[in-house]
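Data block below; observations after.
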Amino acid sequence: MGLMDGKYYIGELAYPLDSAVKASLVLEDSAFAGKGKPFTHLVLATDMQPVLLHTKYVFFGIQITTDQKTKNTGYFYPHPVQINSLLFYQLKKEETMLIEWINDILIEHRKPSV
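Take the sequence shown: its position 105, counting from 1, is numbered 87 in our numbering, and each next residue is one higher.
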């Protein structure tokens, strides 16, 4: 993910920043990775789920929703991570902060110029 010259980049693809409305953190079920369109099989993971119940691995990603309701997605971390592991919580914290920063940029960008 990158931002430059009025565009945002996910991987090597560039999209106009003017069309971006919201950034979200998404988790893709690793069992479906590479088997079709990325981030089609999303996983909801909460802090309330006991670690013993989870052997599922996920990929962390970003989803940018546009004003046309298109969802552009890309990977944050290149390896699957077990839900509720220490690495999971570390990445979730880091990526949540990044998503909040991106959303702040989107809000500022959409403000009318004075």
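Just so you know, even glycine gets a beta-carbon here, dropped at the ideal spot from N, CA and C.
Taking the Cα positions, P(-2) is about 25 Å away from F41.
In the three-state reduction of the DSSP assignment, E77 falls in the helix class. Per the coordinates, the alpha-carbon of D0 lies some 13 Å from the alpha-carbon of N85. Per the coordinates, the alpha-carbon of A(-4) lies some 19 Å from the alpha-carbon of L80. When Q64, T48 and G(-16) are compared, the shortest CA-CA separation from T37 is found for Q64. Put simply, the backbone Cα of Y(-9) is about 26 Å away from that of A13. Collapsing the DSSP output to three states places A(-4) in a strand. DSSP links L7 through a beta bridge to I44. Here I44 is buried, its C-beta having at least 16 other C-beta atoms within 10 Å. Taking C-beta atoms as the reference points, G(-16) and G56 fail to come closer than 7 Å.
Look at Y71 here: in three-state DSSP terms it is helix.
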